[in-house]
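K.L.:
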Amino acid sequence: MVYGNSRSVRIQDDAEVAKLSAAAINGDSGLIKLQYKIDGTHIPETAAKTTTGKSSLKAKVLSRVFSEDYERVRKKILDPRGPTIHRWNKIFLVTCLISLFVDPLFFYLPVVRNQVCIDIGIPLEVILTIIRSLADAFYIIQIYIRFRTAYVAPSSRVFGRGELVIDSSKISLRYFRKGFWIDLIAALPLPQVLIWVIIPNLKGSTMTNTKNVLRFIIIFQYLPRLFLIFPLSSQIVKATGVVTETAWAGAAYNLILYMLASHVLGACWYLLSIERQEACWRSVCNDEKPSCQYGFFDCRRVEETTRDSWFKSSNITNLCNPESSFYEFGIYGDALTFDVTTASFVNKYFYCLWWGLKNLSSLGQNLATSTYVGEILFAIIIATLGLVLFALLIGNMQTYLQSTTVRLEEWRIKRTDTEQWMHHRQLPTELKQSVRKYDQYKWAATRGVDEESLLKGLPMDLRRDIKRHLCLDLVRRVSI
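Note that the sequence shown covers residues 1 to 480 in the UniProt record's numbering.
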C-alpha cells in the first residue's frame, strides 16, 4: 500500500525482525511503517512520530523490496526474474557450450614429427588462445553480473513472489558463500598461461611431461565449467519453463551434448595415443642408453649433433610400430596405424571425433585393450558414459519429438472413440456425417487446443481483450 511517498511493507517473522525497534511497529497488525524512501532518503514525519530505530529501518528497506519497488534501483541492481537476466542466461549458456567445445581442442596441441619428436602446433595455439580468451571474458562478465543481481529473501517466499534483497553488501556476501569460487576457477586463463609462459621455458626431458600438465589443467578447469551448465539450465527452465522454444531445438540441444561427449573422448584418446607412443620411444631409449636421452624426444633438440647421430643409428621407427610385437599399443594402435598423430589438424580432429562417437555409441564393445591399467580404466569410462548418455539421449529425444505430435495423437484417439460410440448407438448416416464434419472443423480451427480451459486460466481483463480481438469483426458484420 502506498500513501504519498511512504510504504507499508509486511516483514516475515525472522531473526531480522527482532532487531527492529518496537516504536516502529503499528499495533499488532504486523505492518511496519517505514521511515525512508526506497533510495534511503528520509520521509518527513509529524512531530508526534518518534525517530527511534531509523537506522535499522533504513537498512531493512535497502535490503528488501517488492518487485514494483525494484524499478527505482534497477540501474544499479538487476532483477533475477527480469528480462535482462533471462536474456543474459541464454547468451551465457551458449558461451558455456562453446567453451566446453574449445577446451578439449588444447589436447591437439602436441604433434608428432617424422623425426620421432613431439612439438607444439603454433597456429592452432594462437587460434585457441584467442577463442579461449573471448570465452573467459564472458565468465568474468558473469561474475560481475552475479555481484549485481538481487535475490529473493528466503523468509518472504511464503506468499507471492517474495521480496528482493537489493543491498549490494548482502548480495556480495551471499555470492561469496554460494558459487563465487567455482565461477572464479572457471574464469581463470590457465591454459593460456600454460602454453605461453610455462611450456616455452621448460628444458630438456621436462618437455616430455608437458602433456600430463596440460591434461591436468584442462580437466581441472573443465569440470567446474561443465558443472555451471546444470544450474544455468535450471534457472532458464524456472524462468521460461523450457530451455528451448521448440521441440526440434530441444532435441538438437540434447544431440549437441551427446556429440560434445564424443568430442571430449576423441580428444582424450588422441593425447593418450601420443603418450603411449612416447612410452614406446622411452622403452627403446632405455635399451639404447647411454647414447639415447629422453630429451631427444623434444623437437627443439632435433638439430643437435648427438641427437642426429643417435637417430641415424637407432631402430626406433621399426620397433615402435603397431605391427611390431615390441610394444603393446592396445586401443591406441589405430592412431599409429593411420598416422593420426602426424596428420593435419582437420584430419586428425574428425578421425578422433568419429572414434569417440563410434565407441560411445557401441558402449566400447569394440575396444581391444592391453593389460595397462590406465587404458582399461579409460575403456571402462567410455562404456559407462556411453550407456548413461545413450539412455538419456534416447529418452530426451523421444520426449521432445513426441511433444510435436501429441495433440494430433489425442485427436486421433478421440475420433476413434467417437466412431465406436456412434456405431454402438447405431446413429444414422446423416448424423454420423455431421459429427465427423464438426470434429474436422474443430480440429482445423483449434488444432486440438481447449480454448475454454485456456481462457479460464487468464485474468478477467485479459480474457475480455482476447474475446474482443477474436469476435469484434464478427459482431461488426451483423446488420442492424
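Where a beta carbon is used, it is the ideal one built from N, C-alpha and C, also for glycine.
So the candidates are Cys280, Cys117, Ser361 and Tyr144; which of them puts its Cα closest to the Cα of Val262?
P.N.:
Your numbering for residue 262 matches position 262 in the sequence shown. Note on residue identity: the sequence assigns Ser, not Val, to residue 262. Answer by Cα proximity: Ser361.
K.L.:
Under DSSP, the alpha helix (DSSP H) around Val112 begins and ends at which residues?
P.N.:
Taking the sequence shown and counting its residues from 1, one reaches residue 112 at position 112. Here Val112 belongs to no alpha helix (DSSP H); instead the beta strand (DSSP E) covers Pro110 to Arg113.
K.L.:
When DSSP labels each residue in this structure, what does Thr149 get in the three-state scheme?
P.N.:
Walking along the sequence shown from the start, residue 149 turns up at place 149. The answer is strand: DSSP assigns Thr149 an E or B state.
K.L.:
My output table needs one value for Cys117: the three-state DSSP class, helix, strand or coil.
P.N.:
Within the sequence shown, residue 117 is the residue found at index 117, counting from 1. In the structure shown, Cys117 sits in a strand (DSSP, three-state: E or B).
K.L.:
I need the straight-line Cα distance from Val213 to Phe107, nearest angstrom please.
P.N.:
Translated into positions along the sequence shown, residue 213 becomes position 213. Translated into positions along the sequence shown, residue 107 becomes position 107. Each residue's Cα considered, the two are about 11 Å apart.
K.L.:
In the DSSP assignment, find the unbroken alpha helix (DSSP H) run with Glu451 in it and report its ends.
P.N.:
Counting from 1 along the sequence shown, the entry for residue 451 is found at position 451. Glu451 to Lys456 is the span of the alpha helix (DSSP H), which, as asked, contains Glu451.
K.L.:
With which residues is Leu78 paired in a DSSP beta bridge?
P.N.:
To locate residue 78, count along the sequence shown from 1; it is residue 78. Bridge partners of Leu78: Thr149.
K.L.:
Have a look at Leu472, Cys299 and Val373 and flag the residue whose alpha-carbon is nearest the alpha-carbon of Val112.
P.N.:
Translated into the one-based positions of the sequence shown, residue 112 becomes position 112. Measuring from the Cα of Val112, the nearest candidate turns out to be Cys299.
K.L.:
Expressed to the nearest angstrom, what Euclidean distance is found between the alpha-carbon atoms of Thr429 and Ala252?
P.N.:
The residue given as residue 429 occupies position 429 in the sequence shown. The residue given as residue 252 occupies position 252 in the sequence shown. Computed Cα separation, rounded: 47 Å.
K.L.:
Taking the C-alpha atoms as reference points, what is the distance between Arg225 and Asp308?
P.N.:
Locating residue 225 in the sequence shown gives position 225, counting from the first residue. Locating residue 308 in the sequence shown gives position 308, counting from the first residue. Their Cα atoms are separated by approximately 44 Å.
K.L.:
Closest to Ala279 by C-alpha separation, out of Lys289, Ala267, Tyr294 and Trp269, would be which residue?
P.N.:
Within the sequence shown, the letter at position 279 stands for residue 279. Of Lys289, Ala267, Tyr294 and Trp269, the residue nearest in Cα terms is Tyr294.
K.L.:
Does the segment 269-286 come close enough to the segment 325-344 that 3 or more CB-CB pairs lie under 8 Å?
P.N.:
yes
K.L.:
Relative to the C-alpha of Ile316, which residue among Asp334, Asp287, Leu188 and Val406 is closest?
P.N.:
The sequence position of residue 316 within the sequence shown is 316, counting from 1. Per the Cα distances, Asp287.
K.L.:
Work out the CA separation of Cys268 and Val373 for me, nearest whole Å.
P.N.:
In the sequence shown, counting from the first residue as 1, residue 373 sits at position 373. In the sequence shown, counting from the first residue as 1, residue 268 sits at position 268. Computed Cα separation, rounded: 16 Å.
K.L.:
Using a Cβ distance threshold of 8 Å, determine whether the segment 410-418 contacts the segment 426-445, with at least three qualifying pairs required.
P.N.:
yes
K.L.:
Measure how close the beta-carbons of Leu232 and Gln277 come, nearest whole angstrom, since I'm counting them as under 8 Å.
P.N.:
For this step, residue 232 is matched to residue 232 along the sequence shown. For this step, residue 277 is matched to residue 277 along the sequence shown. Actually they are not in contact, since the Cβ atoms of Leu232 and Gln277 sit about 39 Å apart, beyond 8 Å.
K.L.:
Among residues of its own chain, excluding the 5 on either side of Val478, which ones have a beta-carbon nearer than 7 Å to its beta-carbon?
P.N.:
For this step, residue 478 is matched to residue 478 along the sequence shown. Closer than 7 Å at Cβ, skipping near neighbours: no residue.
K.L.:
Let me know if Arg146 comes out buried or exposed under the rule of 16 or more other beta-carbons within 10 Å of its beta-carbon.
P.N.:
Numbered from 1 along the sequence shown, position 146 holds the residue referred to as residue 146. By the neighbour-count rule (16 or more Cβ atoms within 10 Å), Arg146 is buried.
K.L.:
Quick check on Arg132: buried or exposed, where buried means 16 or more other Cβ atoms within 10 Å of its Cβ?
P.N.:
If you number the sequence shown from 1, residue 132 lands on position 132. Looking at its Cβ environment, which holds 16 or more other Cβ atoms inside 10 Å, Arg132 is buried.
K.L.:
Here's the rule I'm using: 16 or more other beta-carbon atoms within 10 Å means buried, otherwise exposed. How should Leu173 be labelled?
P.N.:
The residue labelled residue 173 in the question sits at position 173 within the sequence shown. By the 10 Å Cβ count, Leu173 comes out exposed.
K.L.:
Could you give the DSSP three-state label for Asp298: helix, strand or coil?
P.N.:
As a position in the sequence shown, residue 298 is number 298, starting the count at 1. Asp298 falls in the strand class under three-state DSSP.
K.L.:
Could you round the C-beta distance between Ala379 and Ile331 to whole angstroms and report it? I think they count as a contact, below 8 Å.
P.N.:
Against the sequence shown, residue 379 aligns to sequence position 379. Against the sequence shown, residue 331 aligns to sequence position 331. At roughly 6 Å, the Cβ-Cβ gap stays under 8 Å, so Ala379 and Ile331 are in contact.
K.L.:
How is Val165 classed by DSSP in three states: helix, strand or coil?
P.N.:
Reading the sequence shown from its first residue, position 165 is the one you call residue 165. Val165: strand per DSSP, three-state reduction.
K.L.:
Residues in the same chain with beta-carbon distance under 6 Å from Ile185, minus the five sequence neighbours each way, listed in chain order, please.
P.N.:
Taking the first residue of the sequence shown as 1, we reach residue 185 at position 185. If we look at Ile185 and ignore the five residues flanking it on each side, its Cβ neighbours are Pro224.
K.L.:
Does the distance from the C-beta atom of Ile118 to that of Phe297 stay below 8 Å?
P.N.:
Within the sequence shown, residue 118 is the residue found at index 118, counting from 1. Within the sequence shown, residue 297 is the residue found at index 297, counting from 1. Closer than 8 Å, so yes.
K.L.:
Check whether the Cβ atoms of Gly356 and Gly266 sit closer than 8 Å, and answer yes or no.
P.N.:
Stepping through the sequence shown from its first residue, residue 356 is reached at position 356. Stepping through the sequence shown from its first residue, residue 266 is reached at position 266. Yes, the pair counts as a contact, with Cβ atoms nearer than the cut-off.
K.L.:
Compute the Euclidean distance between the alpha carbons of Ile217 and Pro191, then round it to the nearest angstrom.
P.N.:
In the sequence shown, residue 217 corresponds to position 217, counting from 1. In the sequence shown, residue 191 corresponds to position 191, counting from 1. Each residue's Cα considered, the two are about 7 Å apart.
K.L.:
Just to confirm the assignment, what range does the alpha helix (DSSP H) spanning Arg307 have?
P.N.:
In the sequence shown, the residue the question calls residue 307 occupies position 307. Run containing Arg307: Thr305 to Ser313, per the alpha helix (DSSP H) assignment.
K.L.:
Identify whether Glu375 lies in helix, strand or coil by the three-state DSSP scheme.
P.N.:
Looking up residue 375 in the sequence shown gives position 375. Helix, per DSSP.
K.L.:
Below 8 Å on the Cβ atoms is my guess for Leu164 versus Ala150; work out the distance and round it to an integer in Å.
P.N.:
By one-based count along the sequence shown, residue 164 stands at place 164. By one-based count along the sequence shown, residue 150 stands at place 150. Rounded, the Cβ-Cβ distance is 4 Å, consistent with contact.
K.L.:
Do Ile77 and Arg148 have their CB atoms nearer than 8 Å?
P.N.:
Taking the first residue of the sequence shown as position 1, residue 77 is located at position 77. Taking the first residue of the sequence shown as position 1, residue 148 is located at position 148. Going by beta carbons, Ile77 and Arg148 fall inside the 8 Å limit.
K.L.:
Tell me whether Leu455 is buried or exposed, calling it buried when 16 or more other Cβ atoms sit within 10 Å of its Cβ.
P.N.:
In the sequence shown, residue 455 corresponds to position 455, counting from 1. Looking at its Cβ environment, which holds fewer than 16 other Cβ atoms inside 10 Å, Leu455 is exposed.
K.L.:
What did DSSP end up calling Pro200 once you bin it into helix, strand or coil?
P.N.:
Mapped onto the sequence shown, residue 200 falls at position 200. Looking at Pro200 - three-state DSSP - the assignment turns out to be helix.
K.L.:
Looking at C-alpha atoms only, which residue of Pro110, Val126, Ile236 and Asp183 is the closest neighbour of Phe138?
P.N.:
Mapped onto the sequence shown, residue 138 falls at position 138. When only C-alpha atoms are compared, the closest one is Asp183.
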